[in-house]
Ligand SMILES: Cc1cc2nc3c(=O)[nH]c(=O)nc-3n(C[C@H](O)[C@H](O)[C@H](O)COP(=O)(O)OP(=O)(O)OC[C@H]3O[C@@H](n4cnc5c(N)ncnc54)[C@H](O)[C@@H]3O)c2cc1C
Ligand code: SF4
Ligand code: SF4
Ligand code: SF4
Ligand code: SF4
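Chains as they are written, first to last, in my numbering: chain A, 41 to 172; chain B, 491 to 865; chain C, 8 to 674.
Structure, rendered in structure tokens:
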């Protein structure tokens with residue numbers, strides 16, 4: 041179990057109604073992903089503040105993943121656009137702090153997207169490991 | 491481009507297909523039928539063609555004759571569209587269409603017509619036979635009642651008329667079927683092997699057997715000698731046997747006395763088979779044991795009944811000849827036997843009986859198509 | 008906001024969940040780690056946190072230890088957040104000073120392959136929960152007073168039926184209809200499936216009911232101009248002629264129905280040939296004809312119906328199936344056969360969707376001798392002129408894809424339902440989201456099918472998507488009941504998870520107001536400057552406004568900077584496990600389970616099954632136990648993958664069970 045020191049730490053922002061249930065599904069069905077993945081669930085991905093992302097990356101997370109609702113968002117059709125803006129702003133902040141913009145990623149995860157979530161985590165873990 | 495003809499449906503309903511318009515093309519019937527394969531897509535496609543009025547497609551198809559009317563499909567149809575009965579009706583339609591005189595059409599489409607025709611024929615034949623009775627009763631009474639020459643001449647006339655119709659029908663069918671035979675040389679089965687396969691099927695009814703093999707079928711529990719294929723087999727071979735025996739009798743001129751003559755033995759066995767087969771078939775139809783046996787048309791009844799009578803009376807005469815019995819009753823029985831047999835032969839070309847030529851012909855073309863032969 | 012009083016007396020409960028958690032996460036160690044955390048007073052392991060006995064114990068702890076916040080680390084909050092919020096409330100703590108940490112779905116189960124790391128992760132998750140709860144604020148539900156009145160927009164059958172029920176339940180109802188008469192589409196038609204009553208009769212009966220109920224006010228030739236206010240207190244401005252009325256209502260039901268798709272010019276010959284008509288026109292034609300069906304002064308002997316016109320377009324904008332049109336066309340064709348004799352019908356369809364009882368109509372139609380031909384979207388039928396008839400060419404999928412042609416006197420284009428042409432305006436007035444199909448969208452099609460994200464605004468009937476009458480009424484009536492549940496209380500409580508604006512830092516740039524979908528933010532003069540102010544009853548708590556604020560003046564309740572950043576810190580704190588190797592005690596790296604924590608009865612059962620597999624009756628007999636008890640425990644063991652079925656016994660009656668994954672049975 042040496043790997044735990046080398047596994048890249050990923051912070052996931054999920055959404056209460058759609059993507060977090062999707063992540064729960066993965067657990068329910070024992071679809072495994074890296075145990076260095078930590079999830080914070082919010083009402084909507086368009087409410088993520090770039091400063092939180094920067095905080096996470098500065099404090100020791102290797103990457104931030106946004107599990108968004110995409111077009112399924114029940115709050116607003118503008119959600120994907122706003123979430124994108126947040127990512128762009130965060131990448132700007134990251135650049136200023138010398139952090140690779142590859143350390144942030146986004147994908148739409150639905151409420152039954154167990155396998156897609158796990159494979160996103162596997163991919164992102166690989167990408168982050170290569171960045172080091 | 492094919493023009494839809496909605497009138498055709500009402501035409502084929504007259505041949506006994508009652509419920510096929512309920513069909514919603516699910517294809518279950520084709521799925522359960524043990525005789526379909528990638529070249530033989532029935533009954534659904536036939537129902538389709540019937541609905542849309544594609545007469546030519548139907549008359550040109552060999553597949554129509556691959557069906558043995560086992561009724562598995564009718565049991566499975568979710569819409570109770572009776573695909574098995576439909577196939578039988580389409581074969582009637584086809585027989586009626588190949589045959590040139592229109593007699594078959596009349597008999598299939600109208601029950602009164604059928605009854606009148608058979609009745610009229612029976613009287614005619616009876617009358618004919620009586621006028622020929624010279625009136626002397628000697629030990630060889632059989633040939634004295636009906637002089638050999640009369641039978642011979644009458645037979646010739648009847649046979650040639652019937653034969654002509656059959657030949658016409660066969661040619662008509664051959665012409666239609668050859669239109670749909672695959673022209674790709676490679677995929678053709680050769681003449682000889684196709685003929686062998688037809689022979690094999692007639693001898694063994696192997697294809698028919700597959701109908702009864704269904705896992706949960708009614709027949710699986712039954713003995714082989716109770717199964718439809720065997721019933722069919724005994725009627726067919728019984729009839730063929732009798733025919734051959736009669737022909738041998740003619741050829742050997744002086745046949746009837748010796749019961750151990752091979753032709754007489756053949757006749758006895760064949761008669762028994764025929765009676766066995768027809769009795770069982772009549773019994774199944776009366777009891778409607780399965781869907782396939784539950785829709786019997788008048789034409790079927792008369793056909794089966796005639797075969798049965800011919801068998802029984804023939805057997806009776808066998809016995810009385812052996813015992814040298816000469817009663818009036820036997821004369822009547824002989825009369826009935828002769829009339830019925832002649833009617834059978836006479837109606838051969840114009841009834842369901844005609845499938846005996848059409849089916850092997852269609853099978854031959856089907857095997858010629860090749861793929862099946864390679865299997 | 009930065010220096011909020013932190014919680015100092017926190018109780019933490021870490022659940023075994025039977026073994027669902029404790030099999031993979033070393034809960035005992037975590038309990039000890041957590042105990043050392045700042046502010047934690049109580050740290051306990053519990054077998055089942057949700058069990059009644061534990062709930063009572065938690066309440067007792069809260070009272071005895073004067074706890075000011077609680078964390079339960081157990082299953083997903085989707086299951087038990089409300090359970091434990093209630094426990095907190097019963098113990099005297101504000102429910103929002105409770106945090107649930109998901110160490111089952113997102114930890115023990117997801118990482119059952121790496122129990123050691125699962126333990127490390129669980130510790131991080133719980134620490135984050137503690138950080139979050141320590142910054143959490145006590146929140147009160149938002150209270151709004153409510154008017155016992157409902158505005159129903161759209162007086163079709165859905166709106167009428169809902170209005171009647173709402174009135175009967177004691178609400179003042181304002182029914183607003185833009186046309187001259189009530190009834191919508193249904194009002195003009197004859198017999199309808201599936202009951203054969205006529206549309207005219209049904210609507211007449213409903214109008215009679217409405218007239219009898221004094222608490223329904225109907226406005227016809229009326230349109231909604233503006234909607235302001237929020238749940239409990241909407242103000243709906245209705246324009247009738249030149250007059251504008253302000254109606255006060257607690258909730259709004261939208262039942263504005265559908266439009267029928269109108270074929271484009273030339274679509275299957277529409278407008279090119281006069282004998283090509285759309286389904287609604289055909290419906291009127293058969294309703295208005297007697298004895299013979301005559302169209303354009305010519306007797307009709309054959310009809311071709313072309314289905315899915317304007318629907319199920321792979322490329323176009325109507326991707327959906329309108330699901331009403333198949334049955335409607337078939338039903339109309341049955342009426343035709345009944346009313347006028349000897350008409351041949353052809354149905355050119357893509358898929359027949361006569362679901363449920365409607366299937367009977369389809370069967371009846373086939374039996375009538377109607378001919379069905381199936382075409383594919385990529386090979387649509389072609390309609391051509393043919394003397395004084397029409398010729399239709401189609402590639403029939405059911406007949407080996409042959410090209411077929413047929414003659415017909417009349418071609419009926421079976422058109423589906425599309426959203427009302429003015430649905431965009433209605434959506435803008437009420438802020439109802441519009442789905443991909445451009446119909447109005449509910450919050451969740453399965454779980455909250457008639458509510459919209461706007462509190463107090465409900466949708467029913469065919470404005471939500473294609474529906475037949477019974478489905479339309481079902482949905483509008485369920486909305487009526489939901490609405491009544493709201494309006495019958497004089498006060499309505501709303502979740503307090505909303506955005507809050509820091510008046511000191513706000514400089515009113517207006518960016519938040521711009522981004523808010525719900526119009527919850529407005530400028531306000533206060534403390535001598537303009538600041539953003541929040542309408543609490545309107546804010547949905549999505550949080551969209553927070554990231555756009557240039558001075559970071561907006562924080563979401565429960566998701567403040569402190570809470571989120573605290574959680575991030577919590578995840579990252581180093582976890583020192585005593586054994587160094589996580590839950591190495593749990594077997595030898597294999598998928599094994601230890602029996603040491605298992606009930607005695609499990610151990611007995613396991614011992615019995617060690618040599619060979621046995622059935623439940625056999626086990627009960629051997630152990631002298633009640634078979635029910637054996638069943639219960641064996642099934643539980645089965646659930647935890649300790650035993651598995653091993654085929655039926657010789658009598659084919661019972662399953663035999665054998666051990667699975669269990670390598671060490673210690674007695
Ligand atoms: C040809 C055809 C035949 C059908 N036959 C059957 C059948 O036999 N059986 C069956 O179950 N279903 C049938 N249906 C379906 C049926 O018509 C619908 O299910 C039903 O009409 C839905 O009712 P509704 O009240 O939701 O909508 P609608 O009938 O559309 O009523 C909506 C009402 O709201 C009003 N409105 C719209 N916008 C506004 C606004 N902005 N302000 C104020 N008022 C507004 C409209 O004027 C209308 O009165 C058929 C449909 C078609 C097209
Ligand atoms: S099973 Fe019946 S409904 Fe289905 S295709 Fe065959 S005949 Fe038609
Ligand atoms: S009756 Fe039997 S052989 Fe004929 S199509 Fe049906 S299943 Fe096939
Ligand atoms: S209900 Fe039938 S006609 Fe209407 S869109 Fe669906 S499949 Fe097409
Ligand atoms: S949280 Fe959402 S609804 Fe509330 S004010 Fe902000 S953007 Fe508007």
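Each residue gets a CB set at the ideal place from its N, CA and C atoms; glycine is no exception.
Which of the residues in the region 598 to 616 of chain B, read from start to end, lie with their CB under 9 Å from any CB of chain C?
Within the region 598 to 616 of chain B, no residue has a Cβ that lies closer than 9 Å to any Cβ of chain C.
Taking 7 Å as the cut-off, is the CB of residue 371 (chain C) close to at least one heavy atom of ligand 2?
No, since every heavy atom of ligand 2 falls outside the 7 Å radius drawn around the Cβ of residue 371 (chain C).
Ignore the nearest five residues each way along the sequence and tell me which others in residue 565 (chain B)'s own chain have a CB closer than 6 Å to its CB.
Result list for residue 565 (chain B): 781, in chain order.
Nearest residue (CA-CA) to residue 585 (chain B), options B:572, B:712, B:599, B:695
That would be B:599, whose Cα lies nearest to the Cα of residue 585 (chain B).
Should residue 675 (chain B) be flagged as near chain C, meaning a C-beta pair shorter than 8 Å?
A caution first: residue 675 (chain B) carries a pLDDT of 49, below 50, which makes its placement in the model unreliable, though a value can still be read off. No, because no Cβ of chain C sits closer than 8 Å to the Cβ of residue 675 (chain B).
Where residue 397 (chain C) sits in the DSSP three-state scheme
If DSSP states are grouped into helix, strand and coil, residue 397 (chain C) belongs with the strands.
Interface residues of chain A facing residue 118 (chain C) [CB-CB closer than 7 Å]:
Listed along chain A, the residues sitting closer than 7 Å to residue 118 (chain C) by beta-carbon distance are 72, 75.
Would you kindly check if the distance between the Cβ of residue 168 (chain A) and the Cβ of residue 48 (chain A) is under 8 Å?
Yes, they are a contact pair.
Is residue 22 (chain C) helix, strand or coil by DSSP?
Looking at residue 22 (chain C) - three-state DSSP - the assignment turns out to be strand.
Could you round the C-beta distance between residue 463 (chain C) and residue 258 (chain C) to whole angstroms and report it? I think they count as a contact, below 8 Å.
At roughly 5 Å, the Cβ-Cβ gap stays under 8 Å, so residue 463 (chain C) and residue 258 (chain C) are in contact.
Tell me the DSSP secondary structure of residue 281 (chain C) in three-state form.
Note: residue 281 (chain C) maps to coil in three-state DSSP.
Please work out which residues of its chain come closer than 6 Å, Cβ to Cβ, to residue 542 (chain B), disregarding the five sequence neighbours upstream and downstream, and give them in chain order.
Here the set comprises 494.
Give me the subset of the region 403 to 421 of chain C whose CB atoms are less than 7 Å from a CB atom of chain B, sorted by chain position.
Those would be 405, 406, 409, 410, 411, 412, 413, in chain order.
Would you say the beta carbon of residue 358 (chain C) is closer than 7 Å to some non-hydrogen atom of ligand 4?
Yes.
What first and last residue would you give for the beta strand (DSSP E) that runs through residue 259 (chain C)?
Its beta strand (DSSP E) spans residues 258 to 261.
Measuring alpha carbon to alpha carbon, tell me which residue in C:55, C:239, C:40 is nearest residue 494 (chain C).
Relative to residue 494 (chain C), the option among C:55, C:239, C:40 whose CA is nearest is C:239.
So, with DSSP's three-state summary, where would you put residue 745 (chain B)?
Because residue 745 (chain B) carries a pLDDT of 49, less than 50, the predicted location of this residue cannot be relied on, and no value is offered for it.
Counting pairs of Cβ atoms below 8 Å between the region 471 to 478 of chain C and the region 524 to 544 of chain C, do you hit three or more?
No contact exists between the region 471 to 478 of chain C and the region 524 to 544 of chain C.
Starting from residue 309 (chain C), trace the beta strand (DSSP E) in both directions and tell me its first and last residue.
First-last of the beta strand (DSSP E) with residue 309 (chain C): 309 to 316.
Looking at residue 382 (chain C) and ligand 7, is the gap between the Cβ and the nearest heavy atom below 7 Å?
Inclusion of ligand 7 in the displayed structure is not the case, the ligand content consisting of ligand 1, ligand 2, ligand 3, ligand 4 and ligand 5 alone.
Helix or strand or just coil, what does DSSP make of residue 173 (chain A)?
For chain A, the structure presents residues 41 to 172; residue 173 (chain A) sits outside this window and is missing.
Any beta carbon from chain C within less than 8 Å of residue 539 (chain B)'s own beta carbon?
Yes, residue 539 (chain B) counts as interfacial toward chain C.
With 8 Å as the threshold, decide whether the Cβ of residue 276 (chain C) is near any Cβ in chain B.
Under the Cβ distance rule, residue 276 (chain C) does not count among the residues neighbouring chain B, no pair being separated by less than 8 Å.
As assigned by DSSP and simplified to three states, the class of residue 371 (chain C)
Three-state DSSP puts residue 371 (chain C) in a helix.
Check whether the Cβ atoms of residue 548 (chain B) and residue 554 (chain B) lie closer than 8 Å to each other.
Going by C-beta atoms, residue 548 (chain B) is nearer than 8 Å to residue 554 (chain B).
Under 7 Å from the C-beta of residue 499 (chain B): neighbouring residues of chain C
Below the 7 Å Cβ cutoff, chain C contributes 376 as neighbours of residue 499 (chain B), in chain order.
Residue 514 (chain B): beta carbon under 7 Å from a heavy atom of ligand 2?
At least one heavy atom of ligand 2 sits closer than 7 Å to the Cβ of residue 514 (chain B).
Residue 363 (chain C) - DSSP class collapsed to helix/strand/coil
In the displayed model, residue 363 (chain C) falls within a helix according to three-state DSSP.
Taking 8 Å as the threshold (beta carbon to beta carbon), is residue 513 (chain B) in contact with chain C?
Taking 8 Å as the CB threshold, residue 513 (chain B) lines the interface with chain C.
Taking DSSP's pairing of strands, which residues face residue 225 (chain C) in a bridge?
In the DSSP assignment, residue 225 (chain C) is bridged to C:182.
Beta-carbon separation (whole angstroms), residue 354 (chain C) vs residue 379 (chain C), contact threshold 8 Å
The Cβ separation is near 5 Å, so the contact holds.
Any heavy atom of ligand 2 inside 7 Å of the beta-carbon of residue 531 (chain B)?
No.
Quick check: what's the CA-CA separation for residue 646 (chain B) versus residue 613 (chain B)?
One C-alpha to the other measures close to 20 Å.
To be precise: take each residue of the region 536 to 556 of chain C, compare its Cβ to all Cβ atoms of chain A, and keep it if any distance is under 7 Å. Which residues remain?
Shown in chain order are the members of the region 536 to 556 of chain C whose Cβ falls below 7 Å from a Cβ of chain A: 547, 548, 549, 550, 551, 553, 554.
Would the C-beta of residue 445 (chain C) count as close to ligand 4, meaning under 7 Å from any of its heavy atoms?
Here the distance from the Cβ of residue 445 (chain C) to the nearest heavy atom of ligand 4 is not below 7 Å.
Please list, in chain order, the residues of the region 445 to 464 of chain C that have any C-beta partner in chain B closer than 7 Å.
The region 445 to 464 of chain C vs chain B, Cβ under 7 Å: nothing.
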